[in-house]
Each structure stands twice: as structure tokens, then as C-alpha cells.
Amino acid sequence: MTYRLVFESYLKQIVNVIINASDEDRTLHLETLNPQSKQFHKLIVRGCWAAGTLQCPIFQGHGKNLKYLALSWCGLQEDPLLLIAPHVPNLTYLSLNRVSSTETMVISEGSFPQLKTLILKNMLNVKQLTVGKDALPNIEGLYIVALPKLNKVPQGFESLVSLRKLWLLSLHKDFKILWELSRMRQKMPEVVEVRVE
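Going letter by letter, the sequence shown gives residues 73 to 269 in the working numbering.
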């Protein structure tokens with residue numbers, strides 16, 4: 073009985089949760105993960121999600137409280153940005169690393185209103201990225217790294233007026249040429265640091 077009281081007390085104090093699968097093919101089941109803390113705001117998951125994970129209490133009950141979300145190895149097979157956005161409206165940091173995706177990813181209109189940092193890394197299927205109108209209104213840092221099939225300049229980049237740092241690294245071999253031909257640097261004068269390599 074004492075153990076249960078201590079455990080329940082501990083659940084009420086959890087602020088950060090890190091979940092690691094033993095290997096990238098292991099499926100993680102998060103149905104029972106339900107922190108009781110009102111301060112819970114940071115979730116890091118490394119492993120393949122089970123179907124229906126976004127319907128679990130960690131997202132349904134606590135998604136609006138999350139400020140920091142980092143996902144690795146999640147085999148979503150759909151556009152992760154479209155899937156995740158409605159569940160985590162107050163995120164300020166989002167990192168997707170080795171997350172399987174569709175060929176086209178969309179940051180839909182008005183999504184991620186509080187997001188300041190977005191990292192898209194090692195997403196091997198992505199060929200196109202689109203930023204919708206009024207999406208990412210507070211974005212400061214956008215890091216797109218190792219998307220080897222991304223060969224087009226993402227639509228809507230010019231609308232990211234709060235952006236200060238932009239990294240576009242290890243993309244398709246034609247990306248840099250298209251970036252320069254589109255005169256994107258001149259279209260984004262407010263961005264302080266731009267790396268296209």
C-alpha cells in the first residue's frame with residue numbers, strides 16, 4: 073500500500089518522460105502512460121508507435137500541456153505533421169528524427185501556433201514540404217537535415233516572418249541549385265542565419 077501511495081505521488085510530480093525501445097523495430101504501447109502532473113510538458117519517444125498512440129491519454133489528456141516533443145524511429149506511414157498538430161497545440165519544440173512519412177509533408181494552415189523550433193532529420197521518403205498560410209507564426213529555428221529526396225524548395229517558406237535560423241543540410245543534390253535560382257535568400261531577409269549545403 074505504501075508503494076502505491078509513493079508511486080501515485082511520483083506520478084503527480086513527473087515533468088519529463090523519456091521512453092526508449094530496446095531497438096528501433098520494437099513497438100511501443102503507450103496506453104497506460106498517464107502522468108498526473110499538471111507540470112508535465114516534455115516527452116521524448118524513441119521507438120515505433122503502436123497503432124492508435126495519438127488516442128492514448130498521454131496525447132488526449134496531456135497533449136495540450138506538451139511544450140517539447142522529440143520522436144525518433146516512429147513508423148507513422150502518414151504525414152507526421154498533419155497527424156500530430158491537432159493534439160499538441162502548445163508545442164514550442166518539435167523534433168522528428170528517422171520518422172517514416174509520406175512523400176509529401178504539410179504544415180497545415182494555422183498549425184503549431186507556439187512552435188519556436190522545428191527539426192526534421194533523417195526522413196528518407198520526403199520529397200516535398202509545404203508550409204500553409206499562417207502556420208508556424210512564432211518559428212525561430214527551422215532545421216531540415218538529411219532528407220535526401222527533398223529536391224524542391226518548400227512552398228510557403230517566405231511567409232515565415234519570425235524565422236531567424238534556417239538550416240537546409242544534406243538534401244537532394246539539386247536542392248541548392250533550385251534554392252539559388254529561386255532567389256530564396258533575397259526573399260527571406262529577416263533570417264539571420266541561413267545554411268544551405
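Ideal Cβ placement from N, Cα and C applies to all residues, glycine included.
Pairwise C-alpha distance: residue j and residue i
i    : j    : result
S172 : R236 : 28 Å
K259 : F229 : 9 Å
W251 : V225 : 6 Å
N106 : L100 : 14 Å
Y140 : S234 : 19 Å
N88  : I216 : 25 Å
Q149 : H244 : 21 Å
P161 : E96  : 27 Å
G124 : L192 : 22 Å
A122 : P261 : 43 Å
R76  : S109 : With a pLDDT of 38 at R76, under the threshold of 50, the modelled position of this residue cannot be trusted; read the value that follows with caution. Cα to Cα, the separation comes out at about 16 Å.
H113 : A157 : 16 Å
A93  : T189 : 25 Å
E181 : V268 : 26 Å
P185 : L232 : 12 Å
M256 : I249 : 11 Å
S183 : R98  : 30 Å
Same chain, Cβ closer than 7 Å to residue i, neighbours up to 5 away in sequence not counted
i    : result
H159 : L126, F131 and G135
L187 : L163, T164, L166, L208, N210 and I211
V178 : D151, L153, L154, T202 and G204
R170 : S144, W145 and N194
I90  : I116
A142 : I116 and S167
D206 : E181 and G182
Three-state secondary structure assigned by DSSP to residue i
i    : result
E252 : helix
A157 : helix
L126 : helix
K183 : Sequence inspection shows Ser at residue 183; the Lys mentioned does not correspond to that position. DSSP places S183 in coil when its eight states are reduced to three.
G135 : helix
S172 : strand
S167 : strand
S144 : strand
E269 : coil
Among the options, nearest to residue i - alpha-carbon criterion
i    : options                   : result
L241 : L138, L214 and L253       : L214
K270 : D206, L238, S231 and N197 : Outside the shown range of the chain (73 to 269) lies residue 270, about which nothing can therefore be said.
G119 : L138, E265 and L168       : L168
N137 : Q111, S94, K248 and G147  : Q111
A218 : A142, V117, F247 and G147 : F247
T174 : R98, G147 and M256        : G147
Own chain partners of residue i with C-beta closer than 6 Å, once the 5 adjacent residues on each side are dropped
i    : result
E103 : C128
Q200 : T176 and K224
L238 : L214, V263 and V266
Q227 : T202
Close beta carbons around residue i, own chain, < 8 Å, minus the five adjacent residues each side
i    : result
G133 : N106
T254 : Note on identity: in this sequence residue 254 is Ser, with Thr being the wrong assignment. Excluding sequence neighbours, S254 sits near V225.
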